[in-house]
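Colleague: Take this structure, written in structure tokens, and hold onto it; I'll ask about it next.
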Amino acid sequence: MIEGTPRGLFITLEGGDGSGKSTQSALLLEWLESLGRTVVTSREPGGTDLGTELREIILHRRGYIAPRAEALLYAADRAHNIATKVRPALERGEIVLQDRYLDSSVAYQGAGRVLDATEVRNLSLWAAEGLLPDLTILLDLDETIGRTRLDSARTKYDRLEDEKQDFHARVRDGYLVLAKAEPERFLVIPATDSIDSIAAQIRDRISTLF
Ligand code: TYD
Numbered sequence: 007m008i009e010g011t012p013r014g015l016f017i018t019l020e021g022g023d024g025s026g027k028s029t030q031s032a033l034l035l036e037w038l039e040s041l042g043r044t045v046v047t048s049r050e051p052g053g054t055d056l057g058t059e060l061r062e063i064i065l066h067r068r069g070y071i072a073p074r075a076e077a078l079l080y081a082a083d084r085a086h087n088i089a090t091k092v093r094p095a096l097e098r099g100e101i102v103l104q105d106r107y108l109d110s111s112v113a114y115q116g117a118g119r120v121l122d123a124t125e126v127r128n129l130s131l132w133a134a135e136g137l138l139p140d141l142t143i144l145l146d147l148d149e150t151i152g153r154t155r156l157d158s159a160r161t162k163y164d165r166l167e168d169e170k171q172d173f174h175a176r177v178r179d180g181y182l183v184l185a186k187a188e189p190e191r192f193l194v195i196p197a198t199d200s201i202d203s204i205a206a207q208i209r210d211r212i213s214t215l216f
């Protein structure tokens, strides 16, 4: 277990928009609960009451938000989510399954908005008092395929989804750099694999953590 992580298991799901995180998160929750595990689900932004308000600002506020302000808003959401929801659950020995975490900030605000990746990571680590996941599942997807999937699923985009293709290409590359730097924490799965195959790969890896 990584230093700073209490008991329990902290699993995060990462990937570009349209990579299928929600589908896999639901399947994983079902499997973990079938094993009798207590699972707390969360997401960033918006895992808490405060986070819900911040999420509205971050994703739907009209007009420009300066990149550093954006990074700080995500970090504020993270600080509250980790302190009030995630750490207490881990201390109770539960599994926390979370959609997006600090790697999203490094990929989107760092690579995407072109802020310094180390500074963004350190900001997040400060916000979360150093908590790193035990496992991070990265659903890797070519950004053009992600866009096509999103287009077929909805008609309105949030501020981040609305960014241009080259932004999303940088996000994807940013994620892959992170996964390469921490191969033990990351499980990288091609998001084009079948839903069943992805779910099986995730279950296999998590089984090794019990
Ligand atoms: P959400 O609807 O939760 O996206 P998804 O369904 O794809 O997970 O919206 C979250 C958006 O915020 C998504 O585009 C990624 C972005 N984001 C960041 O830019 N930085 C962050 O630190 C986090 C947590 C998310």
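Residues are numbered in the working numbering as their position in the sequence shown, beginning at 1, plus a constant of 6. No residue lacks a Cβ here, since even glycine has one placed at the ideal position from N, Cα and C. Note that this is a predicted model, so its numbers are computed, not measured.
Hey, could you find the ends of the alpha helix (DSSP H) ASP6 is sitting in?
Modeller: The question about residue 6 has no answer, for the chain in this structure spans 7 to 216.
Colleague: Whole angstroms are fine: how far does the CA of PHE173 sit from the CA of LEU193?
Modeller: For the purposes of this step, residue 193 is identified with residue 187 of the sequence shown, where counting begins at 1. For the purposes of this step, residue 173 is identified with residue 167 of the sequence shown, where counting begins at 1. In a straight line, the C-alpha of LEU193 is about 23 Å away from that of PHE173.
Colleague: Please confirm whether any heavy atom of ligand 1 lies closer than 7 Å to the CB of GLN115.
Modeller: Indexing the sequence shown from 1 puts residue 115 at position 109. Yes, Cβ of GLN115 sits closer than 7 Å to a heavy atom of ligand 1.
Colleague: Classify GLY52 as helix, strand or coil using the three-state DSSP reduction.
Modeller: Position 46 of the sequence shown, counting from 1, holds the residue named residue 52. Three-state result, GLY52: coil.
Colleague: Over what stretch of residues does the beta strand (DSSP E) that includes PHE216 continue unbroken?
Modeller: Reading the sequence shown from its first residue, position 210 is the one you call residue 216. Run containing PHE216: none; DSSP gives neither H nor E here.
Colleague: Helix, strand or coil, according to DSSP, for ASP172 in the structure here?
Modeller: Locating residue 172 in the sequence shown gives position 166, where the first residue counts as 1. Note: ASP172 maps to helix in three-state DSSP.
Colleague: What do you get for LEU129, buried or exposed, if any count of 16 or more other CB atoms within 10 angstroms of its CB means buried?
Modeller: Sequence index remark: in the sequence shown, residue 129 carries index 123 (1-based). LEU129 should be labelled buried.
Colleague: Beta carbon of THR139: closer than 7 Å to some heavy atom of ligand 1?
Modeller: Start at 1 with the first residue of the sequence shown, and residue 139 comes out as number 133. Checking the sequence shown, residue 139 turns out to be Pro, not Thr. No, Cβ of PRO139 sits at least 7 Å from all heavy atoms of ligand 1.
Colleague: Report buried or exposed for TYR70, applying the criterion of at least 16 other Cβ atoms within 10 angstroms of its Cβ.
Modeller: Locating residue 70 in the sequence shown gives position 64, counting from the first residue. Exposed.
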